[in-house]
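Per numbering that gives the first Met the number 0, the sequence shown starts with residue 0, numbered consecutively.
Note that CB positions come from ideal geometry on N, CA and C, so glycine has one too.
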Amino acid sequence: MYSIWEQRSFLARPDLAVVGAGLVGLFAALHAKRLHPGWKVVVLERGPHPSGASVRNAGFACFGSPSELLADIAAEGEAAALHRVEERWKGLLELRADMGDAAIGFEPSGGHEIYGVDDPLYNRVAEGFDRLNGLLAEITGPKTFRWLPDGPARFGLARTAHMVRTDLEGPVDTGRMMRSLLAKVSEAGVEVHFGQDLQRLENAAEGVDLVLGGGHTLRARQVLVATNGYVRQLLPDLDVEPARGQVLLTEPVSGLKLKGTFHAQEGYFYFRDFDGRVLLGGGRHLDKAGERTWEDGTTPRIMEALEDLLRTTILPNQNVAIAHRWSGVMGFRAQGKEPLVARIAPSVVVAAGLSGMGVAIGVRVARRAVGLVLRL
Ligand SMILES: Cc1cc2nc3c(=O)[nH]c(=O)nc-3n(C[C@H](O)[C@H](O)[C@H](O)COP(=O)(O)OP(=O)(O)OC[C@H]3O[C@@H](n4cnc5c(N)ncnc54)[C@H](O)[C@@H]3O)c2cc1C
0 MYSIWEQRSF LARPDLAVVG AGLVGLFAAL HAKRLHPGWK VVVLERGPHP SGASVRNAGF
60 ACFGSPSELL ADIAAEGEAA ALHRVEERWK GLLELRADMG DAAIGFEPSG GHEIYGVDDP
120 LYNRVAEGFD RLNGLLAEIT GPKTFRWLPD GPARFGLART AHMVRTDLEG PVDTGRMMRS
180 LLAKVSEAGV EVHFGQDLQR LENAAEGVDL VLGGGHTLRA RQVLVATNGY VRQLLPDLDV
240 EPARGQVLLT EPVSGLKLKG TFHAQEGYFY FRDFDGRVLL GGGRHLDKAG ERTWEDGTTP
300 RIMEALEDLL RTTILPNQNV AIAHRWSGVM GFRAQGKEPL VARIAPSVVV AAGLSGMGVA
360 IGVRVARRAV GLVLRL
């Protein structure tokens, strides 16, 4: 018994329904609407607001620390590893150019990697340092990384024997970035609907039916599933596994010296300053099986490791309380770090498995996914 007004406006079949209002889903909707202003583009998000990794991360605009990049080169070869650095670097430039630094809260305060006393990673990085800078020269420019001998003292770090810095990275304000993106997407004419939990997809004549929680069904001409770490809840055959990341935030620290973003141990630990506090996360490598979960929450094992790093290295001899803890679910491929961007049914494209790099590559993954949508 819908009126003609409802049928022609609210119920009109979308040309594109995007599932998931994270960085990828929102940027994909934005790209599609820019390319086809006449299209009806909707985003369906099950949370009351964007509720995935895009609002749970640590807010690092980074393209990889030296130990991470050297490990990637060793594992995958130069061509594949450097291609991903290029995607990350170009993605960050596009994110900043499209949104503006103020809207994403980007601070050009630099990215760093630290090495402890007798840290075997230091020897590996020292050995590969010049070669890595040489390889990066064509992507990020000459001398991307440099040693910062006074770094540990400058930033008040203990147990840190060596530090590398790049001026090209820095933190973003994740919450501000996502609010700005949401506003931009709405301004462009995309409809974003929250509280819409997609249960399953069914092939339909000239499109696909999206069966939503509560029994409501929406037919769309095309669907883009951008649910990243959650994608197997919907499409269990895809090789994207959930990978939880845990984070903590301290109370304000008086006289905090820390400034910028910091990595340790091939990027498995990361910390930064935020609002005069320390924000610290990672440690997933300590319990990869346990962190292969969609559950929100923190565990004593990983929280203890994070607090140990905090108390011994980042804020030595300071008894600062933890104000807040949270977790977020990333998506990792079973093999390698390349995201999955593919058409999996005549009217269904998937973009998922951003391997903990979505702040950097999300814009470009979204663009690739829209490219597939357009090639129907
Ligand atoms: C702790 C942590 C640290 C990180 N650090 C970095 C970093 O330093 N640098 C970096 O580049 N990246 C980092 N990332 C990764 C980055 O945040 C992600 O790669 C990126 O946000 C993924 O974006 P997305 O849009 O693909 O997925 P998400 O942001 O996860 O969005 C998916 C959305 O889909 C929704 N959804 C799921 N299932 C359904 C359904 N059935 N129906 C409707 N909606 C659904 C979810 O609620 C969610 O909002 C980190 C992530 C975490 C958790």
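Contact with chain C by residue i, beta-carbon distance below 7 angstroms
i: glycine 254; result: You won't find chain C in this structure, because it holds only one protein chain.
Cβ neighbours of residue i in the same chain (closer than 7 angstroms, five flanking residues each side left out)
i: phenylalanine 193; result: Glu44, Gly46, Pro47 and His48
i: asparagine 56; result: Thr173, Gly327 and Val358
i: aspartate 272; result: Leu255, Leu257 and Lys258
i: glutamate 106; result: Gly169 and Pro170
i: alanine 28; result: Val17, Val40, Val42, Val184 and Val189
Buried or exposed (CB count within 10 angstroms, at least 16 for buried), residue i
i: glutamate 126; result: exposed
i: glycine 289; result: exposed
i: histidine 161; result: buried
i: proline 151; result: buried
i: histidine 111; result: buried
i: arginine 12; result: exposed
i: tyrosine 229; result: buried
i: leucine 180; result: buried
i: glutamine 195; result: buried
i: alanine 78; result: exposed
i: histidine 262; result: buried
i: histidine 30; result: buried
i: glutamate 265; result: buried
i: serine 64; result: buried
i: alanine 73; result: exposed
i: tryptophan 4; result: exposed
Residue i in three-state terms, based on DSSP
i: tryptophan 88; result: helix
i: phenylalanine 9; result: coil
i: tryptophan 4; result: helix
i: alanine 350; result: strand
i: methionine 176; result: helix
i: tyrosine 267; result: coil
i: alanine 157; result: coil
i: valine 319; result: coil
i: serine 326; result: strand
i: methionine 162; result: strand
i: phenylalanine 128; result: helix
i: glutamine 245; result: strand
i: asparagine 202; result: strand
i: valine 372; result: helix
i: aspartate 71; result: helix
i: glutamine 195; result: coil
i: arginine 291; result: coil
i: alanine 80; result: helix
i: aspartate 286; result: helix
Spatial neighbours of residue i in its chain, beta-carbon cut-off 8 angstroms, leaving aside the 5 residues before and after
i: glycine 133; result: none
i: glutamine 334; result: Asp238
i: leucine 371; result: Val340, Ala341, Arg342 and Val348
i: glutamine 232; result: Thr226 and Trp293
i: proline 251; result: Asp274, Gly275 and Arg276
i: leucine 34; result: Val369 and Leu373
Supposed contact pair residue j and residue i - C-beta distance, whole angstroms, cut 8 angstroms
i: valine 222; j: leucine 209; result: 6 angstroms
i: aspartate 71; j: tryptophan 38; result: At roughly 38 angstroms, the Cβ-Cβ gap does not stay under 8 angstroms, so aspartate 71 and tryptophan 38 are not in contact.
i: proline 241; j: threonine 298; result: Contact doesn't hold; Cβ gap of about 15 angstroms is too wide.
i: valine 277; j: phenylalanine 270; result: 6 angstroms
i: threonine 312; j: alanine 157; result: 6 angstroms
i: glycine 51; j: glycine 19; result: 7 angstroms
i: arginine 363; j: glutamate 86; result: 6 angstroms
i: serine 66; j: glycine 21; result: Not confirmed; about 28 angstroms, so no contact.
i: glycine 76; j: arginine 175; result: Their Cβ separation, rounded to whole angstroms, is 38 angstroms, which puts glycine 76 and arginine 175 out of contact at 8 angstroms.
i: glycine 244; j: glycine 280; result: 6 angstroms
heavy atom of ligand 1 below 6 angstroms from residue i C-beta
i: serine 50; result: yes
i: valine 23; result: yes
i: glutamate 44; result: yes
i: tyrosine 229; result: yes
i: glycine 19; result: yes
i: valine 40; result: no
i: glycine 244; result: yes
i: glycine 355; result: yes
i: threonine 289; result: It is worth fixing the name first, because residue 289 is glycine in this sequence and not threonine. No, the beta carbon of glycine 289 sits no closer than 6 angstroms to any heavy atom of ligand 1.
i: serine 253; result: no
i: valine 84; result: no
i: arginine 329; result: It should be noted that the sequence gives methionine, not arginine, for residue 329. Methionine 329: yes, Cβ under 6 angstroms from ligand 1.
i: arginine 55; result: yes
i: valine 358; result: yes
i: glycine 280; result: yes
Residues of its chain near residue i, where Cβ-Cβ distance is below 6 angstroms and the 5 sequence neighbours each way are ignored
i: threonine 159; result: Ile113 and Pro151
i: glycine 282; result: Ile301, Ala304 and Leu305
i: arginine 220; result: Asp14 and Gly206
i: serine 354; result: Phe331 and Lys336
i: threonine 165; result: Gly110, Thr143 and Phe144
i: alanine 368; result: Ala27, Leu223, Val340, Val348 and Ala350
i: glutamate 137; result: none
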